[in-house]
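Per the UniProt record's numbering, the sequence shown runs over residues 1 to 477. Beta carbons are placed, not taken as given, at the ideal position from N, Cα and C, and that holds for glycine. None of these values were measured; they are calculated from a predicted model. Remarks on the structure that follows.
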Amino acid sequence: MPYAFEITSEEVVSTFIARCKEVNPILNAIVEDNYENALKEARTVDYFLNTTTQSIESIAQDMPLLGVPITIKASIAVKDFSIAVGVTSEKHRKAKKDALVVKNVRQAGGIILLTSNTPELCMSWETVNNIIGRTSNPYDTRRTSGGSTGGEAALISSGASLMGLASDVAGSVRLPAMFCGVFGHKPTPYWVSCDGHRPISTNKKWNDTFTIGVMTRYAIDIPLILRSITTSQECKECLNREVDIREITIFYFDDEYCKILSSPIDKEIKLAINNLTNHLKSTYRCQVQKIELKNLKYAMEIGSITPFELNKAETIFNLNDGTKPWKSVFLVTLQRLFNLNTHTWGSILYGILVRFLEKLPASYHENILQKRTLLKKELEQLLHHNAVLIYPTFNASAHYHSEIYYKLLNIAYMNIFNSLSLPVTQCPMGLNRKGLPIGLQIIANDSCDHLTIALAKEIEKKFGGWQVPPSNINIAT
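Pasting the structure below:
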């Protein structure tokens, strides 16, 4: 039977298009738009809903994203859209087919609105490249939106997108989500197909560390979009599990992972952890315990060996498939110093790091791998199937553009959990005294994403979740 609705898909899509056109000149977050086709698809959805005899329940089951505009990180292939990923020599390169996750979005009824900006080959924690340029933070355009999923984060935070697809190899979902005050989820490895992402890797361990994840403005949408893109039955069953927060054991850690190497954690982030643990203790009678993990002090070393392990990934030094011999890192760096190439410093620094790690003795790598194994076992035993770890996403709120280059060691707050192959949800915890978002990571054991998502929903309910950035438009929450 035909249905009467308060709002049509065309109206929703038109509203988001208008917002994109308003904020993008300020934020510079869009690589390529799909506005015309998106409107056509929205009209098709409206026609279908006005003529179908299918029940609402059946439609929701078959097409949970029907008529909803979705944005896609530009490193994830969308047919006929740019897949240059910031490499200037390949700025005209187009994707020949959709990535599997994009196909799944379409099959779920989602409407692809645009692709969003990312650093060159995703190799930076700030979103800048020499094709599109630099993406700025909606709360303060002098500051970074983070990376590598900075375009998505900026658009979702500014009300130009509701949810989108992201990717994470060393915090690339979580850092921009924190800096822009939205939710970001890095799922259990292998639950979401990485087919169609650039860069790729022929290394068998790639998918232990790298995941395609999701970014949303509201916590309730995490399972909605994750369920739509996964092909894993285990993932779907996990997302369907009921969670009683009273039965979750809460562990937390609010100190620097290494006081010598890492920057101090901002007092307001420590206060946010304290506020959350107190809330869970007083409201749900959760068991709450601060922990000390002996091997966590090696987080920077454990996280940094990941690039070395993934040395078959595509980089600017071996473009296209990641299997070719590397160009000279020294030569590429020298050329950049004299403006003889257009590569960004983030992607060059990756090569310098890999070459540095190669020079370290084999005994060092073996020692760090042993510590990673011990830390993994320690966390698995601690978290089991009914506990989570609360941990800072980063030590401070969004910094000014380009400052990441002397804060690189702080990335260990995030990439340690890539190295450990654990699911993580970044949750916004309001704004600090500067009016900038702060956030926390909720970490669970393998295949326990339902716990981190349940905590994300509770955090949003108690602490407000996404906060509207400075704007002359009233964005309904």
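Starting from the C-beta of residue i, find all residues in its chain whose C-beta is less than 6 Å away, skip the five residues before and the five after it, and write them out in chain order.
i    : result
N24  : I30
M123 : G346, S347 and Y350
D168 : K186, T211 and G213
G109 : M63, L65 and L66
Rank the options by C-alpha distance to the C-alpha of residue i and give the top, closest one.
i    : options                   : result
V288 : G86, S145 and L280        : L280
T44  : L66, L420 and D266        : L66
E380 : I200, S421 and E6         : S421
V182 : S328, V192, A166 and D46  : A166
Q370 : I305, E403, Y405 and V329 : I305
N320 : R198, I132 and I26        : R198
I225 : N415, D195, F251 and A60  : A60
G133 : L436, C194, K434 and T342 : T342
I76  : G151, V329 and Y35        : G151
E458 : E90, M63, N275 and S55    : N275
R285 : S136, N367 and T277       : T277
S419 : I269, P119 and T188       : T188
Assuming residue i is part of the alpha helix (DSSP H), what are its boundary residues?
i    : result
D321 : Element bounds for D321: n/a, residue is neither H nor E.
L276 : K267 to Y284
D244 : That residue, D244, is in no alpha helix (DSSP H); it is neither H nor E in DSSP.
I72  : Per DSSP, I72 belongs to no alpha helix (DSSP H); it is in the beta strand (DSSP E), P69 to K73.
L100 : L100 to Q107
T333 : V329 to L337
P223 : D221 to I229
For residue i, which residues in the same chain have their Cβ closer than 8 Å to its Cβ, ignoring the five residues on either side in sequence?
i           : result
Y190        : N207 and S232
residue 565 : The requested residue 565 is not part of the displayed model; the chain covers only 1 to 477.
T452        : H185, V388, P423, V424, T425, I442, I443 and A444
Residue i to residue j, Cα distance in whole Å?
i    : j    : result
R19  : E301 : 42 Å
S471 : P138 : 9 Å
R227 : H450 : 12 Å
K267 : E57  : 47 Å
G464 : T315 : 40 Å
T149 : K73  : 7 Å
D244 : Y391 : 21 Å
A219 : G164 : 13 Å
Y400 : E6   : 42 Å
I248 : L340 : 56 Å
T477 : F16  : For T477, the predicted model reports a pLDDT of 49, less than 50, meaning its position is unreliable; a value from the coordinates is still stated below. Between T477 and F16, the C-alpha separation is close to 14 Å.
G196 : I273 : 37 Å
K462 : K103 : 35 Å
E126 : L331 : 24 Å
S193 : T230 : 7 Å
Spatial neighbours of residue i within its chain, please: CB distance less than 7 Å, with the 5 preceding and 5 following residues excluded, ordered by chain position.
i    : result
C238 : S447, D449 and H450
A153 : S145, G146, P176, A177, F179, C180, V182 and M215
The beta strand (DSSP E) that contains residue i, what's its start and end?
i           : result
P437        : P437 to I443
I32         : Before going on, a small fix: residue 32 reads as Glu here, not Ile. Per DSSP, E32 belongs to the beta strand (DSSP E) from I30 to D33.
residue 528 : Any question about residue 528 goes unanswered here, given that the chain covers just 1 to 477.
L382        : That residue, L382, is in no beta strand (DSSP E); its alpha helix (DSSP H) goes A362 to L383.
G465        : Unbroken run through G465: none, as it is neither H nor E.
Y139        : No beta strand (DSSP E) holds Y139; DSSP gives it neither H nor E.
Q287        : Premise fails: Q287 is in no beta strand (DSSP E) and is neither H nor E.
residue 478 : Outside the displayed range of the chain (1 to 477) lies residue 478, so it cannot be described from this structure.
residue 479 : The structure shown has nothing for residue 479, since the chain only spans 1 to 477.
G164        : M163 to D168
M215        : T211 to T216
Would you call the region 355-363 in contact with the region 140-152, where contact means no fewer than 3 C-beta pairs closer than 8 Å? no
Any chance the region 432-448 sits against the region 380-391, with 3 or more Cβ pairs inside 8 Å? yes
Within the chosen definition, does the region 31-42 reach the region 105-115 through at least 3 CB pairs nearer than 8 Å? yes
Taking one C-beta from the region 404-416 and one from the region 320-334 each time, how about it: are there three or more such pairs within less than 8 Å? no
Using a Cβ distance threshold of 8 Å, determine whether the region 74-91 contacts the region 35-43, with at least three qualifying pairs required. no
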